[in-house]
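Asks:
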Amino acid sequence: MGIGKYQITELKKFKADYRNIIGDARKDELRDKITEIVIINKKYLDKKFTASRLASEIGTNSRYISAVMADRFHTNFNGLVNMYRINEAMNLLAQEKYREKSIEEIGEMVGFATRQAFYASFFRFQNTTPREYRLTHLPPTKKRRKSKKKDESKTE
11 MGIGKYQITE LKKFKADYRN IIGDARKDEL RDKITEIVII NKKYLDKKFT ASRLASEIGT
71 NSRYISAVMA DRFHTNFNGL VNMYRINEAM NLLAQEKYRE KSIEEIGEMV GFATRQAFYA
131 SFFRFQNTTP REYRLTHLPP TKKRRKSKKK DESKTE
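If you count the sequence shown from 1, you need to add 10 to reach my numbering.
1) Find the nearest neighbour of Lys107 within the set Pro149, Glu46 and Asp34, judged by alpha-carbon distance.
2) Indicate the three-state DSSP secondary structure (helix, strand or coil) for Asp38 in the structure shown.
3) Label Ser131 either buried or exposed according to how many other C-beta atoms from any shown protein chain fall within 10 Å of its C-beta, with 16 as the threshold for buried.
4) Report the three-state DSSP secondary structure of Phe59 (helix, strand or coil).
5) Between the Cα of Glu67 and the Cα atoms of Met79, Ala80, Lys53 and Ala77, which residue gives the shortest distance?
6) At 4 residues or longer, and completely inside the region 56 to 104: list those alpha helix (DSSP H) runs for me, N to C.
7) Can you name, in chain order, every residue of its own chain whose Cβ lies under 7 Å from the Cβ of Thr146, other than the five neighbours on each side?
8) Confirm, please, whether the CB-CB distance from Ala99 to Val120 is below 7 Å.
9) Less than 7 Å between the C-beta atoms of Lys37 and Arg73, yes or no?
10) By DSSP, does Arg109 sit in helix, in strand, or in coil?
11) Going by beta carbon distance, what residues of the same chain come within less than 7 Å of Met79, once the five residues before and after it are set aside?
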């Protein structure tokens, strides 16, 4: 029965049955395969990489992928992929050689399909925007001063 005026009931912890179907050894095996494919082989950079594609590559189903993600990675598929994408983006945003790339280009380079998805995910993980991150992690550019000789020759 609910509590008080609004009949609010206590939230029940739900544990999906399929999480109990696969044993710890199989979960560890799948974790290792997920780590190899998603992280080591950097599949997270592929915009079209999904949990279904991962399951297909491993030879299992999406429910098992979901169970392993929850039990071994403590997140879901998108959370894991986006975490690695954001880490990669942070690395690129702080490098001088990528200064000329736009924020949107960096987002695309790390696997985000849209600017909005990149900004939202970046903010969720870093509590700042990619632009703010870049401004605080890239040294300011050195502005070139015009030499007096060039200025004098223009006036003549």
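Glycine included, every Cβ here is placed at the ideal spot set by N, Cα and C.
Replies: Result, derived from the coordinates:
1) It is Pro149 whose Cα lies nearest to the Cα of Lys107.
2) In the structure shown, Asp38 sits in a helix (DSSP, three-state: H, G or I).
3) buried
4) In this structure, Phe59 counts as coil in the three-state DSSP scheme.
5) Lys53
6) 61 to 68, 72 to 78 and 87 to 103
7) none
8) yes
9) no
10) coil
11) Taking C-beta separations shorter than 7 Å and ignoring five residues to either side along the sequence, the partners of Met79 in its chain run Thr85, Asn86, Phe87 and Leu90, following chain order.
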